[in-house]
Structure formats: C-alpha cells, structure tokens
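Q:
Numbering (our numbering), first residue to last: 17 to 266.
1. Could you tell me which whole alpha helix (DSSP H) segments of length 4 or greater appear in the stretch 201-260?
2. Pick from 138, 212, 94 and 184: whose alpha carbon is nearest that of residue 125?
3. With distances taken Cα to Cα, identify the nearest neighbour of residue 258 among 249, 265 and 264.
4. Buried or exposed, going by whether 16 or more other CB atoms sit within 10 Å of the CB of residue 237?
5. With DSSP as the reference, please indicate the residues paired to residue 131 in a beta bridge.
6. Are the stretch 222-229 and the stretch 93-110 in contact at 8 Å, needing three or more beta carbon pairs?
7. Cα separation between residue 67 and residue 103?
8. Which residue wins for smallest C-alpha separation from residue 144, given the options 177, 171, 262 and 48?
9. Short check: CB of residue 108 to CB of residue 45, under 9 Å?
10. For residue 136, collect the residues of the same chain with a Cβ closer than 7 Å to its Cβ; drop the 5 residues on either side in sequence, then sort them by chain order.
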C-alpha cells in the first residue's frame, strides 16, 4: 500500500511489481535507503545501480550514472540516491548519505639511485626531491647521506618515492651495490696490502677480463687521478717496506 495515499484506504493506490518505489496513482516515491558502494579506487566510486534511481556526491548535482569518475585520491565524499522523476512520477526525497574515503594513489617505481661519493664510513647518493633512501631495502630515511658505515664493506642502496597525504610510497627501485672505501693500496679488499694488490693493477693494465673493475680509488696510491704502473711500483715498495706510506696519504 502507498505510504501516503494508502492511509486513505484506496485499494488501487499501491506500488506495482514493476515499480516498487513510486505509487501508481498519487506518484509519491518512497525515499530509498543510503546507497551501497559496489567498488572504489583512488579516483572512482561505483554505487550499486538501480535504473529507477539517480545519484549525487554532494546532494545538489544529480546524475543517472552510478559511477563517479575523476575523484581526488584519499578524499572523503558523501553519496546520495533518490528515485528519479519521470513524466509520470515525482522524484523521491534524498536518501541518507553514504560516507566513503577514496584510496590513496599508487606511484611508479623510480630508477636506481646514483652514487655520488663514498668514503671509509659514508655513502652519498644523488638527492631527488620527494624520494627517500634505504641501505637495506626496509628502513627508509629522507637524507641521501648514509653515515657510520663499516669500512671496506659492500652495501646495496635503494630509493623510492615517499608517501604523502594522497599517495602510497612507490615500490623500491632496483638496488645498486656499492663499497665503502678500503685502505689505499688494498685493491682486492682483503684488508692486507701485498703483492696480490700489485698484481691486480698490472693485470688490470694488461686488460685481463677478470680485472676490468678493480678498486680504482684504492689503486691510485700516488693520487694523480689515474691508475698506472707507478701505482703498482709504489704498492710493491710499500709491501717490501721501502716506503712507509703512499704519496696519497701524505
């Protein structure tokens, strides 16, 4: 029986099986319950559809479509529905509101970090605004400087785009392996300066494939910015105790 004219006990004032929201006679439309959310993302909300309804996200502007696009991420919205007016029926009252906050947006995985410099206990990466950095892939920091590291140790550094009010943090970048500095002359990083280090330089200079990526910073013991046979000669002299230190240390 119609919620309004049913009180008048007019039997034919009722909701049909086809349209159970609007009275066939007086055109009164029942106010529906709050809309039900079917799915949502960071920028889209889909309500459960009913072809007799129209929808709004502010209670002012109405649309037939039950999908709302181009929303802002991690923003609260209030959705409403009502039975829409037709040539024969009036619209209903506005439903109670349905509250929803959209998801945060995801961010793309960034490129690997660029290593600017190393020392015995520090690694400095190139700074990118909005990124954060890690030396283990789990603990993150805003600074691109890692301090108090172990000497002559290999680390793997990462970067990612940091989370903000409307975005999740991005996946971490691919890692970059980087060594902290060893002693000058310790080419093979075994913490000893001996004839093996001299051989590493001579084989590098001879083009041996296994020695194409030696520890160049430790190999430049004369401090002239290049690695040559003079560095190998100085390492041998140091090893047999003909010199107490390398020129780069003075």
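The beta-carbon is built from N, C-alpha and C at its ideal position, and this holds for glycine as well. Computed from a predicted model, the values in this text were never measured in an experiment.
A: In short, the structure shows the following:
1. 211-221, 232-235 and 245-255
2. Locating residue 125 in the chain shown gives position 109, where the first residue counts as 1. Comparing Cα positions, the closest option is 184.
3. For the purposes of this step, residue 258 is identified with residue 242 of the chain shown, where counting begins at 1. The shortest Cα separation from residue 258 among 249, 265 and 264 belongs to 249.
4. The residue you call residue 237 lines up with position 221 of the chain shown. Result: buried.
5. Looking up residue 131 in the chain shown gives position 115. DSSP, once it has assigned bridges, lists 141 as partnering residue 131.
6. no
7. If you number the chain shown from 1, residue 67 lands on position 51. If you number the chain shown from 1, residue 103 lands on position 87. Straight-line Cα distance between these residues: approximately 15 Å.
8. Here residue 144 refers to the residue found at position 128 of the chain shown. Here the closest residue by C-alpha is 177.
9. Residue numbering aside, residue 108 sits at position 92 when the chain shown is read from its first letter. Residue numbering aside, residue 45 sits at position 29 when the chain shown is read from its first letter. Cβ distance < 9 Å, so residue 108 and residue 45 count as in contact.
10. The residue labelled residue 136 in the question sits at position 120 within the chain shown. Excluding residues within five positions, the ones whose Cβ falls inside 7 Å are 167, 196 and 197.
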